[in-house]
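**Q** Provided herewith is a single structure, encoded as structure tokens, for subsequent inquiry.
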Amino acid sequence: MDLSLTLIIIIITCLVSYYGWKNPDFINKQLFTPYLIKREGSYGRFLFSGFIHKDGTHLLFNMFTFYFFGNVVESYLTYVFGFELGLVAFIVFYLLAIVIADIPTYLKEQDNPGYHALGASGGTSATVFASIILMPLSDICIFGIFCLPGFILGLLFLGYAFYKGRTGGDNINHDAHFYGAVFGIAVIVLISPENGLRFWEQIKSFSLF
26 MDLSLTLIII IITCLVSYYG WKNPDFINKQ LFTPYLIKRE GSYGRFLFSG
76 FIHKDGTHLL FNMFTFYFFG NVVESYLTYV FGFELGLVAF IVFYLLAIVI
126 ADIPTYLKEQ DNPGYHALGA SGGTSATVFA SIILMPLSDI CIFGIFCLPG
176 FILGLLFLGY AFYKGRTGGD NINHDAHFYG AVFGIAVIVL ISPENGLRFW
226 EQIKSFSLF
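Per this note's numbering, the sequence shown starts with residue 26, numbered consecutively.
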């Protein structure tokens, strides 16, 4: 059976997360901790924190989401760039999303010794929103019950992430969700501005009823 790159990333993330649960010291060394990054120069935390998760629920949510939307973006990039270059583009896209989505949080929390974060939120969010730009009218369902077109759910999510990123208080890196989404949108539009135009034309013609 051929494994997609999306599935390979999921397998690696699950294995690394599981190893971290069994070895807390490993997680402590990979946690996204802006205070330590600034003082120790441990910049690898930007990337490696995206491959560890707090618990099974956190891991399942991120990887379940990434599985469905990752295949869409992976297929698109291999179509545009060819198979091999497309796979390279996809892994670069995902890894850059993890890193770039954390930069605003780093700048905000670099002098806060109590701030820590982990998880693939930036990469997952970038993948979801890249997919939304490509297929804005495709339904996204929450728990398989409540369904909305991708662009509507995406706008609601962006608004929520932006608001919570300003107010905080729940130990979730909402800024990573927000800036990951912005990164995903920007990359897909930069690859082909026609994607942005097509997105706009589709949502203009959308009717809820």
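Idealized CB from N, CA, C, for every residue including glycine. Keep in mind it's a predicted model, so treat the numbers as computed, not measured.
1) From Tyr68, Ile52 and Gly221, pick the residue whose C-alpha is nearest to that of Asp127; which is it?
2) What span of residues does the beta strand (DSSP E) with Leu173 cover, start to end?
3) For the alpha helix (DSSP H) containing Ser146, name the first residue and the last one.
4) Apply the 10 Å Cβ neighbour rule to Phe108 and answer buried if 16 or more other Cβ atoms are within range, or exposed otherwise.
5) Taking all protein chains shown into account, do 16 or more other C-beta atoms lie within 10 angstroms of the C-beta of Asp12, making it buried, or fewer, making it exposed?
6) May I ask you to list the residues that DSSP assigns as paired with Ile165?
7) Could you check whether Phe91 and Ala102 sit closer than 7 Å to each other, using their CB atoms as the reference points?
8) Which two residues bound the contiguous alpha helix (DSSP H) that contains Tyr92?
9) Using a threshold of 7 Å, state whether the C-beta atoms of Ala122 and Gly148 are closer than that.
10) For Val57, which three-state DSSP category applies?
11) Within the chosen definition, does the stretch 134-143 reach the stretch 207-217 through at least 3 CB pairs nearer than 8 Å?
12) On the DSSP letters alone, give me the boundaries of the alpha helix (DSSP H) that Leu40 sits inside.
13) Excluding the five sequence neighbours on either side, which residues of its own chain have a C-beta within less than 8 Å of the C-beta of Leu162, listed in chain order?
14) Can you give me the Cβ contacts of Met88 inside the same chain, cut-off strictly under 7 Å, excluding the 5 residues immediately before and after it?
15) If you draw a straight line from the C-alpha of Phe182 to the C-alpha of Phe171, how long is it?
16) Should Ser29 and Leu84 be called a contact, given that it needs their Cβ atoms to be closer than 7 Å?
17) Who are the near neighbours of Phe203 in its chain, counting only those whose CB is closer than 7 Å to its CB and skipping five residues on each side?
18) In the DSSP assignment, find the unbroken alpha helix (DSSP H) run with Pro218 in it and report its ends.
19) Per DSSP, Ala142 is paired with what?
**A** If we stick to the structure as given:
1) Tyr68
2) Phe171 to Pro174
3) Ser146 to Leu159
4) exposed
5) Residue 12 is absent from the model: the chain starts at 26 and stops at 234.
6) Leu173
7) In the sequence as displayed, the identity of residue 102 is Leu instead of Ala. Result no, Cβ atoms of Leu102 and Phe91 do not sit closer than 7 Å.
8) Gly81 to Phe106
9) yes
10) At residue 57 the sequence reads Phe, which differs from the Val that was named. Of the three classes helix, strand and coil, the one that applies to Phe57 here is strand, per DSSP.
11) no
12) Leu30 to Lys47
13) Pro174, Gly175, Phe176, Gln227, Ile228 and Phe231
14) Ile35, Thr38 and Cys39
15) 14 Å
16) no
17) Leu183, Ala186, Phe187 and Gly190
18) Pro218 to Lys229
19) Phe57
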